[in-house]
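Colleague: Each residue of the sequence shown is one higher than the one before, starting from 1 at the first, in the UniProt record's numbering.
The beta-carbon is built from N, C-alpha and C at its ideal position, and this holds for glycine as well.
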Amino acid sequence: MSRSVLVTGGSRGIGLAIARELKEAGDDVAVTYRSGEPPEGLLGVRCDITDTDQVDAAFKQVEEEQGAVEVLVANAGIAKDQLLALMSEEDFSSVLDTNLTGSFRVAKRAVRGMMRKRTGRIILISSVVGLLGSGGQVNYAASKAGLVGFARSLARELGSRNITVNVVAPGFIETDMTAELPEARQAEIKKNVPLGRYGSTTEIAKTVRFLAGEDAAYITGAVIPVDGGLGMGH
Ligand code: NAI
1 MSRSVLVTGG SRGIGLAIAR ELKEAGDDVA VTYRSGEPPE GLLGVRCDIT DTDQVDAAFK
61 QVEEEQGAVE VLVANAGIAK DQLLALMSEE DFSSVLDTNL TGSFRVAKRA VRGMMRKRTG
121 RIILISSVVG LLGSGGQVNY AASKAGLVGF ARSLARELGS RNITVNVVAP GFIETDMTAE
181 LPEARQAEIK KNVPLGRYGS TTEIAKTVRF LAGEDAAYIT GAVIPVDGGL GMGH
């Protein structure tokens, strides 16, 4: 059964792996992108999630091309790391505006169609850092922790409409960002991960595929860690 899927920030990294995985599962998959060319085989819709009008226009395009969004993956996110004492208010609020309010904007727009259809899946990509905390990342951690309260509240609002809302909390994942860290820092990080390695984007994508699928129909308001054990205990 093919559903209409939208993955924000799906043109690279974790978002692209999720988009490809859901495409392989047989869904029609759209991804938001901001510049350059969208990835082959996926419907690319231009959208900056900090702009409500752009979010609305992107959803209209997806609705025209593949129908109302039935599975939303709010993956787009940014980090602007700095110690609190040195962090500008702009660096705090812009990270919140993208990671948390951006997810609010797309979820709000998506539930319209989902409520009408009385079915839907919303999956928010948080981070292990949201629950564990991380020095130099008060903005990022606050935004990612905020997604947990957001998802649990929305799960309560929408449960009776057969719409599930869940959070995936990745740990350190093999991406350009983690590959660029110095060897010594990488070794230190891996030492703290019970499984002793980074995760892959595919491992996040498979978890999202599960949550988006029929087998996860009775899971809502959950926070699923995919972090090699790094954040366990929360
Ligand atoms: P990335 O930087 O490769 O991709 C982020 C995507 O979000 C890009 O496509 C970017 O264009 C998009 N994006 C950023 N701001 C946007 C905006 N205002 N409007 C629309 N799109 C926007 O990052 P990565 O590593 O693939 O991360 C994806 C998600 O997973 C993020 O939410 C990140 O916080 C989270 N995450 C990543 C981890 C990692 O180890 N890479 C660990 C835990 C969470």
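(1) For Met-232, which of Ser-103, Asn-99, Gly-133, Asp-97 has the nearest alpha-carbon?
(2) Is Ser-103 near the ligand NAI, with its Cβ less than 6 angstroms from a heavy atom?
(3) Could you spell out where the beta strand (DSSP E) holding Tyr-33 opens and where it closes?
(4) Measure the Cβ-Cβ separation of Thr-178 and Ile-14 and say whether it is below 7 angstroms.
(5) Is DSSP giving Ala-169 helix, strand or coil here?
(6) Got a sec? Which residues, its chain only, sit under 6 angstroms from Val-164 by beta carbon, not counting five neighbours each side?
(7) Return the first residue and the last residue of the alpha helix (DSSP H) that Ser-143 is part of.
(8) Based on Cα-Cα distance, which residue from Val-29, Glu-180, Ser-153, Ala-169 lies nearest to Ala-68?
(9) Just tell me which of Asp-48, Gln-82, Gly-196, Gly-136 has its CA closest to the CA of Asn-99.
(10) What are the start and end residues of the alpha helix (DSSP H) that includes Arg-112?
(11) What would DSSP say about Thr-164, mapped onto helix, strand or coil?
(12) Is Arg-156 near the ligand NAI, judged by its Cβ being under 6 angstroms from some heavy atom?
(13) Tell me the rounded alpha-carbon separation between Pro-38 and Glu-180.
(14) Roughly how many angstroms lie between the CA atoms of Ala-79 and Asn-139, to the nearest whole one?
(15) Report the start-end ranges of each beta strand (DSSP E) in the region 192-227 that is 3 residues or longer and not cut off at the edges.
Modeller: Let's see:
(1) Gly-133
(2) no
(3) 28-33
(4) No, the pair does not count as a contact, with Cβ atoms beyond the cut-off.
(5) strand
(6) It is Thr, not Val, that sits at residue 164 in the sequence shown. Here the set comprises Arg-121, Thr-220.
(7) Going by DSSP, Ser-143 is part of the alpha helix (DSSP H) stretching over 138-158.
(8) Val-29
(9) Asp-48
(10) 102-117
(11) Looking at Thr-164 - three-state DSSP - the assignment turns out to be strand.
(12) Because no heavy atom of the ligand NAI lies under 6 angstroms away, the Cβ of Arg-156 does not count as near it: no.
(13) 24 angstroms
(14) 8 angstroms
(15) Scanning the region 192-227 for uninterrupted beta strand (DSSP E) segments of 3 residues or longer gives 223-226, listed from N- to C-terminal end.
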